[in-house]
Every structure is written in C-alpha cells, then in structure tokens.
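If you want our numbering, it's the 1-based position in the sequence shown plus 199.
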Amino acid sequence: MSHSFKETPHNAITDSGIARVIPCRQLSLGDPVKWLALAIQDMKRAPLNTIMYGVIFALIPWLITYLVATTGWHLIIMPAIVCFMLIGPFLAAGMYDVSWELQKGHKPSMAHSLRAMKRNAVNGWGFGVVLLIMMVFWLRVASLIHALYPPYLDETLSDLWPFLILGTAVGVIFSLILLFISAFTQPILMERKVDLATALLTSVNAVWLNKLPMLFWAGIIFISVVLGFLTGFLGFIVLMPLLGYGTWHAYIDTIETKKPRNYV
C-alpha cells in the first residue's frame, strides 16, 4: 500500500537544540480522511481481527461500568483505569500489527499481532507509565478544581460556569499534551528499535509541525469516543479498530525512514 511523498519540513526540536528526533513529512488538512479510508480497507481485509480487537476495547469500559454499578465501589474505577493505561499501548500495538501485515501483503493473525506486543516491550511499558503519570496528575488537578468550589453556592449554571470554564480549559490543555506525546509514539516503538525519549520527542515534533491536520485528527478521535459512549460502548467495536488502523497509516504517512519501505 503506497503513500505519496510529502515535503519534509524543518525539525522543530532539532532546530531548537533540545534533541535529535526522527524527521517527519508535511501533512495536508485532508490527510486524516485518507487515513480513515485506508483503515476501512484494512477492516474489510481483516474482519476477524477487527471484530476481536473491537470487542476487547468495548468490553473494558463496559466491565468498569458494570463493576461500579453492581458493587457501588467507585474506588474500583482508579485501579481499573490504571490497568487499562498500562495495557492500552500493547493492545494498540496489536491493531497496528494488523495494518502492518496487510501492507506487507501478509495475512494478519491474532497470534502474530499478540507477538507484536513484545516488540520493544520495555519502552512500551515505559510509555504506559508516562500515560499513567499524566492521568494521575490530571485527576489531581481536577480534584483541586472541585475542592475550590465553595460549598455555600447553589448548583446553578450562574454559579457553576466559572468552574466549568476552568475545568474545560484544563481538560483541553491536558488533551493537547496527550495528543503531542502519544500521536506517533507507540507505532514508532513498534516498528523501530529506539528508546522512549526518541519516540516521544519525534511525536511531539511531528504534531507541532503539522498542527492543523493533527488537530483535525484529534477531533475525529474525540467524536469517535463520544459516539462510543453514546452507544453504550457498542460503537467501540467498530470505532476503536478504525482509529487503531488509521493511526498506523498516519504514522506511515508522517514519520520518515532513511530508506523506502519496500515490503515484500
């Protein structure tokens, strides 16, 4: 599956003298739509893998919700989310492997995609820890905002709006940070034997140099997640593999290699 050549922009991080990163290409605003189209093709070519991964991603939030509803123990949410943040990158790697195998002209299998999770496992776990730390910090900031709410105020919109605006602003900031550090990190770690710092900085650089296309892609992800929740998590059966395959094609389209990828 070919990807058109794109102009290579300057490397923002290298130019600043902070670090060396893998170069990226200049994206266009319509590229995220192309990634989705390629993802749909992968879904059609590997329906069994798609359904299996989709069911897994749909079951995880459903199981968390079910446990909370049946036990009434809301504290279970934290350990459940912690587990998901740690294993999430590895589950995503399995989906990336499906698209990668299709690009190579191979027939993807669950056994092969599960083995793919072992590639660069140490740095993969490190990435999970980074996501976990960010999530905990985000929750602590949210708790602080909630603590600042005066108990004597009524829960009316006029009283709540300052805190809603503050909470939304903080959520947007954390979401943008998450986009920068996670957009391409896991696919890089999966395909290349690089350290976590290189993968993270490469992702940050690529998003920074392609702000509008990546914001468009982030919007697609956000809408997909909302739809998944609105459908009682059933939508995740289709939406999560779609986003997973699309992320792989976004990576292939964006991050350069020294030599062309000649899959045989």
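Even glycine gets a Cβ: it sits at the ideal position worked out from N, Cα and C.
Output the distance between the C-alpha atoms of residue i and residue j, rounded to the nearest integer angstrom.
i: residue 403; j: residue 413; result: 11 Å
i: residue 298; j: residue 290; result: 13 Å
i: residue 439; j: residue 256; result: 7 Å
i: residue 369; j: residue 346; result: 15 Å
i: residue 449; j: residue 443; result: 10 Å
i: residue 292; j: residue 421; result: 20 Å
i: residue 321; j: residue 429; result: 35 Å
i: residue 375; j: residue 423; result: 17 Å
i: residue 201; j: residue 342; result: Residue placement at residue 201 is poorly supported in this model, since its pLDDT is 47, which falls under 50; the coordinates still yield a value, given next. Approximately 47 Å between the Cα atoms of the pair.
i: residue 231; j: residue 416; result: 6 Å
i: residue 260; j: residue 425; result: 13 Å
i: residue 419; j: residue 441; result: 11 Å
i: residue 330; j: residue 377; result: 8 Å
i: residue 323; j: residue 339; result: 25 Å
i: residue 367; j: residue 334; result: 16 Å
i: residue 391; j: residue 364; result: 41 Å
i: residue 238; j: residue 447; result: 9 Å
i: residue 304; j: residue 396; result: 31 Å
i: residue 317; j: residue 401; result: 21 Å
i: residue 313; j: residue 244; result: 18 Å
i: residue 309; j: residue 458; result: 29 Å
i: residue 258; j: residue 451; result: 29 Å
i: residue 311; j: residue 236; result: 24 Å
i: residue 204; j: residue 267; result: Residue confidence for residue 204 is low, a pLDDT of 49 falling below 50, so the modelled location carries little weight; the figure read from the coordinates is stated next. Residue 204 and residue 267: Cα-Cα distance of roughly 49 Å.
Can you check whether the CB of residue j is closer than 8 Å to the CB of residue i?
i: residue 383; j: residue 453; result: yes
i: residue 301; j: residue 394; result: no
i: residue 165; j: residue 248; result: Within the shown structure, residues of the chain are numbered from 200 to 463, placing residue 165 beyond reach of any answer.
i: residue 234; j: residue 445; result: yes
i: residue 253; j: residue 436; result: yes
i: residue 399; j: residue 372; result: no
i: residue 319; j: residue 389; result: yes
i: residue 362; j: residue 344; result: yes
Quick one: is residue i buried, meaning 16 or more other Cβ sit within 10 Å of its Cβ, or exposed?
i: residue 406; result: buried
i: residue 432; result: buried
i: residue 295; result: buried
i: residue 265; result: exposed
i: residue 229; result: exposed
i: residue 475; result: The displayed coordinates of the chain run from 200 to 463. Any statement about residue 475 would go beyond what the structure contains.
i: residue 336; result: exposed
i: residue 360; result: exposed
i: residue 246; result: exposed
i: residue 455; result: exposed
i: residue 220; result: buried
i: residue 224; result: buried
i: residue 222; result: buried
i: residue 327; result: buried
i: residue 227; result: exposed
i: residue 262; result: exposed
i: residue 332; result: exposed
i: residue 315; result: buried
For residue i, which residues does DSSP report across the bridge?
i: residue 454; result: 223
Return yes when the C-beta of residue i is under 7 Å from any heavy atom of the ligand PLP, and no when it is not.
i: residue 294; result: You won't find the ligand PLP in this model; it holds no ligand whatsoever.
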